[in-house]
Ligand code: IVH
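In our numbering, the protein residues as written are 560 to 1238.
Following this line, the structure appears as structure tokens:
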């Protein structure tokens, strides 16, 4: 066979296999027998073995390929992946419609209703019709690059079908949900049980856990599927103008779209559709936890816009969460990293929505009193979406009189220290919270270290709850800076810790030294400082040192930082133990510079001025000088040109100084520079 003939045969085989994949996995209407399919597939594989250049990334043979990854790369979503606001009643659906109508007076509105698939949100990127990347939602603006994993899902087309009326966009992001069918979930759990592995709690956890695998070969074995219901950026001549048109178009490109969709023209029609969906959703092969209501017209969507979290033009209607009845045996107290005491119900184990529940949160003392929950009560528990199961109420008819009122401890059950009542802290806490006042309480110490190591913060692989407990118990780690002086021989002394895991842990800790500054700020667990605020701070300050030295006023100038957050920061940075902690982190070589830093260069006395730093300054580091310049609105460049306004020269300044002299650029020593800064 000549290369040309091979190419032609390759194209033919690819087309046939693609058509079959679409018919089988997307439309569930196979056109080939398994044997015929296998024969085509083998021929294609053999052909590519002979002509490796034909095995392009979009070839059907390339679904499961590559070596396991060390970690996922991050990808930015061009259009953010938002979430949805929830409603739980017909009333709220009507209110939602009224709200949108108010924003669009005089417009006749029409809506769509789709099942809310209970899976994992993903985004796919296609360039010129070929799948180039796939990502998780992550925090909405940045997710994990899970392309290799998503390629293993056969209902995700590697190449889009084109049609002459709607030319393929140059680039597009398609959004949807990866899920595990209920049947697939049961099968997977049965296999895991047989292998002595921990079963997944529910299909969504199983889907999420599967997509997190670093080895695509494992993912390929998981019965994952996908449904696509939206788009992000579309860079193309033709664009759909409504949800109805979009779903139609996605279908024609070869995607699986929601199996059922209602087009509604009034709130009554919406409510009827929601009810209908509730009646039939039991029969769907996947779990649904609600209905998604969307304004049909994209033009009108644009006019109502989005908040930072969710669109104003769509809403989720959540069906009543699954509930179960069981007995509350005991109440235990959990101490969190901020010292908050949370009562936890220890229950008679009960099966609920795919998993066995033996604990549920009681939130806090106030809730417990309000609901009058007593030891020995029969209670209703509920599992709603991502929330840990909660105790909803007591079944009063089942009271026997033997139930006892739970007394909150007067001292911390972990450290015996005093318990105080504080109000309103942290954000999201209810009115009054019982708190262990001893910040050396082992539970708090553990909580802080776990938080530091968590995936959202410094992301230290292997440092989970169990290990942190061991480290704290053995006194090896008292605060997070201690992690950086751990030694192999100390770790191997710990129970169930082999040399290999110890080595991995040390590598994980080492890797965390280079994390971006916002992760560190978040990881410190400062009251009110979540990941969003940490990022805002890292955008506003080039280094941790700058942030540490900043006044309350300057902090409140930072976007997204109000006075409560600013005060919390100032207080935290003011405490001696925290200062020591930060100094030790610096000494350990943990990165304290922010790559997110983007100064507001249009403002300040140095606005529009470019500086070049050269040589060693007597009293400040290059980072500090840079931070100063940027804080005053100036820019720092690495090379001298006619555009340079100032060169700040220290000792042993070399060629940059010479060039500045040649070009007649103003040269400053450190003292002159500081004077210019107004210091
Ligand atoms: S639209 C900008 N449609 O539910 C709005 N979401 O709780 C994007 N979901 O993040 C969402 N089925 O992961 C939309 N038919 C559907 C959906 C759906 C499931 C998920 C999605 C979203 C989450 C919000």
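Beta carbons are placed, not taken as given, at the ideal position from N, Cα and C, and that holds for glycine.
This structure is a prediction, so every number in the text was calculated from the model and none was measured.
query: Which of helix, strand or coil DSSP assigns to residue 761; result: coil
query: Buried or exposed (CB count within 10 angstroms, at least 16 for buried), residue 769; result: buried
query: CA-to-CA distance, residue 732 to residue 722, given in whole angstroms; result: 18 Å
query: Distance, residue 1198 Cα to residue 1011 Cα; result: 38 Å
query: Three-state secondary structure assigned by DSSP to residue 674; result: strand
query: Local conformation of residue 1231 per DSSP, three classes; result: helix
query: Collapsed DSSP secondary structure at residue 928 in the structure displayed; result: helix
query: Residue 1259 in three-state terms, based on DSSP; result: The requested residue 1259 does not occur in the structure, where the chain is confined to residues 560 to 1238.
query: Rounded separation between residue 734 and residue 641 - CA only; result: 11 Å
query: Nearest-angstrom Cα separation, counted from residue 837 out to residue 878; result: 8 Å
query: Limits of the beta strand (DSSP E) - the one that residue 821 falls within; result: 821 to 823
query: Cβ-based neighbour list, residue 815, same chain, cut-off 7 Å, excluding 5 preceding and 5 following; result: 585, 714, 785, 786 and 787
query: Alpha-carbon spacing of residue 917 relative to residue 961, whole angstroms; result: 22 Å
query: Reference residue 1182; option with closest CA among 1163, 1154 and 578; result: 1154
query: Own chain, CB closer than 7 Å to residue 1236, minus 5 neighbours either side, in chain order; result: 1187 and 1191
query: Neighbourhood of ligand 1 [Cβ distance below 5 Å to any heavy atom], ordered by chain position; result: 641, 642, 643, 673, 675, 676, 680, 736, 788, 851 and 870
query: Local conformation of residue 748 per DSSP, three classes; result: helix
query: Cβ contact check for the segment 736 to 753 and the segment 665 to 682: 3 or more pairs under 8 Å; result: yes
query: Run of the alpha helix (DSSP H) containing residue 857, from where it starts to where it stops; result: 857 to 863
query: Beta-carbon proximity list for residue 1152, same chain, < 7 Å, skipping 5 on both sides; result: 1076, 1101, 1102 and 1182
query: Residue environment, residue 817, which counts as buried when at least 16 other CB atoms sit within 10 Å; result: buried
query: Residue 869 in three-state terms, based on DSSP; result: coil
query: Any beta strand (DSSP E) of 3 or more consecutive residues that is wholly inside the segment 883 to 962; result: 900 to 911, 914 to 920, 937 to 942 and 949 to 953
query: Where the beta strand (DSSP E) containing residue 854 begins and where it ends; result: 847 to 854
query: Closest Cα partner of residue 1124 within the set 1086, 1107 and 658; result: 1086
query: Sequence-distant residues of its chain with Cβ nearer than 7 Å to residue 632 (five each side left out); result: 704
query: C-beta contact flag for residue 1026 and residue 859 at 8 Å; result: no
query: Buried or exposed by the 16-neighbour rule on C-beta atoms within 10 Å, applied to residue 1167; result: exposed
query: Contact the segment 798 to 811 vs the segment 854 to 869: 3+ CB pairs below 8 Å; result: yes
query: Beta-carbon contacts of residue 1080 that lie in its chain and below 7 Å, excluding the five residues immediately before and after; result: 1088, 1093, 1096 and 1097
query: Any 3 or more C-beta pairs closer than 8 Å across the segment 927 to 939 and the segment 951 to 969; result: yes
query: At least 3 beta-carbon pairs within less than 8 Å: the segment 608 to 621 vs the segment 836 to 850; result: no
query: Nearest neighbour of residue 1021, chosen from 1008, 1032 and 1033 [CA to CA]; result: 1008
query: Neighbourhood of residue 630 by C-beta, 8 Å cutoff - its chain only, sequence neighbours within 5 removed; result: 773
query: Distance between residue 643 and residue 624 (C-alpha atoms, nearest Å); result: 35 Å
query: Pairwise C-alpha distance: residue 812 and residue 708; result: 21 Å
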